[in-house]
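Notes for the one structure printed next.
Numbering (the numbering used here), first residue to last: 56 to 353.
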């Protein structure tokens, strides 16, 4: 890709990496499901009146919203609220790359290449190392809930791929799908928060929003969701996905660095080792190493 496009992809990775710390800071004193609902209200208004509907069946838009947005982020926010360190969360969530390959093979009959199978195995090994070597600051339940968030994201990826093939419109992971699929998020999560936390807690949280919570909502909704996906969609429209997607590998290092600088979060040694192995698996799965070797040979 041209330098300008590469820098734009790096900018998105930085925005998404810092996003994990921003979520953690905003969750202080706020129920996680309610906080996700607030985020997606901010995503919807006023964008829903400005962004055209995606070229896809309504059922697919709903399903993508259920898994990519509602499922992924309600689980991620819950994991962080349960004590999952923000930096490690940014790392574990990258399991969605390998899980997408597995689910696509099962649901869409997409036969993975040998390199992808090797990458999935390497990534799974990295996750196992992170899970077994996690420090005292990384609770087991937080790790597992984050892995469920990655699973939900991967299922959403497969549904989006199938929807794109059905509509003949290519990948549907851009800004229009982000905005319109967000319609399924606020009301169910508000209802869930009312049941889990109680009307009194919900009312008190909404009427006593802190500056940190308002800034976190603005960052996650407008920067991470709208600006991030807006740039990302433009890059995918102009360049091959194989040139763009590998930039997501920069998200965990940025997330872990931001967590260290802002929250003094230091991962355990085996978490770092497992993270390196996991990212190696992502690199193999997405074909980064193969393309680099080919380019040097040429």
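By construction, the Cβ of each residue, glycine as well, lies at the ideal position given by its N, Cα and C atoms. This structure is a prediction, so every number in the text was calculated from the model and none was measured.
Counting only residues of its own chain and dropping the five nearest sequence neighbours on each side, residue 302 has a CB closer than 6 Å to the CB of 64 and 68.
A contact between stretches requires three or more CB pairs, one per stretch, nearer than 8 Å, and the stretch 70 to 82 meets this requirement with the stretch 262 to 276.
Under the Cβ criterion (8 Å, minimum of three pairs), the stretch 92 to 104 does not count as touching the stretch 310 to 323. Scanning its chain for C-beta atoms nearer than 7 Å, with the 5 sequence neighbours on each side dropped, one finds around residue 71 the residues 279, 283 and 306, in chain order. In the three-state reduction of the DSSP assignment, residue 86 falls in the coil class.
Between the alpha carbons of residue 163 and residue 155 lies a distance of about 11 Å.
Judged by DSSP secondary structure, residue 181 falls within the alpha helix (DSSP H) whose first and last residues are 169 to 187. Residue state for residue 166 is assigned as coil, using DSSP reduced to three classes.
Look at residue 311 here: in three-state DSSP terms it is helix. Taking 9 Å as the cut-off, the Cβ atoms of residue 93 and residue 241 count as close.
Across the set 113, 171 and 258, the C-alpha of 113 shows the shortest separation from the C-alpha of residue 215. Annotation for residue 144: the continuous alpha helix (DSSP H) segment containing it runs 141 to 147. Annotated as distal: residue 309 and residue 129, with beta-carbon spacing of 9 Å or more.
Comparing C-alpha distances from residue 330 to each of 234, 270, 178 and 250 shows the shortest one belongs to 178.
Taking 4 residues as the shortest admissible run, the stretch 190 to 277 contains the following complete alpha helix (DSSP H) segments, listed from N- to C-terminal end: 195 to 222, 230 to 236, 241 to 252, 254 to 262 and 266 to 273. For residue 154, the three-state secondary structure derived from DSSP is helix. As the crow flies, the alpha-carbon of residue 235 is around 9 Å from that of residue 117. When secondary structure is reduced to three states using DSSP, residue 56 falls in the coil class, being assigned neither helix nor strand. With respect to residue 218, residue 119 sits close: the two C-beta atoms are nearer than 9 Å.
According to the DSSP assignment, residue 323 belongs to no alpha helix (DSSP H), since it is labelled neither H nor E. Only residues of its own chain outside the window of five on either side were considered, and among them 234 and 281 have a CB closer than 7 Å to the CB of residue 102, listed in chain order. Pairing residue 61 with residue 293 gives a Cβ-Cβ distance that is not under 9 Å.
Under the DSSP assignment, residue 319 falls outside any alpha helix (DSSP H); it carries neither an H nor an E label. Remark: C-beta atoms of residue 333 and residue 150 approach each other more closely than 9 Å. Rounded to whole angstroms, residue 174 and residue 262 show a C-alpha spacing of 48 Å. Of all alpha-carbon atoms in 89, 73, 84 and 137, the one lying nearest the alpha-carbon of residue 243 is that of 89.
With respect to the 9 Å criterion, residue 182 and residue 202 are classified as neighbours on the basis of their beta carbons. Membership of residue 103 in any alpha helix (DSSP H) is not indicated, and neither H nor E is assigned to it by DSSP.
CA-CA distance, residue 319 to residue 142, rounds to 10 Å.
When 131, 135, 122 and 231 are compared, the shortest CA-CA separation from residue 106 is found for 231. Look at residue 110 here: in three-state DSSP terms it is coil, with no helix or strand label. Assigned with DSSP and collapsed to three states, residue 138 falls in coil, not helix or strand.
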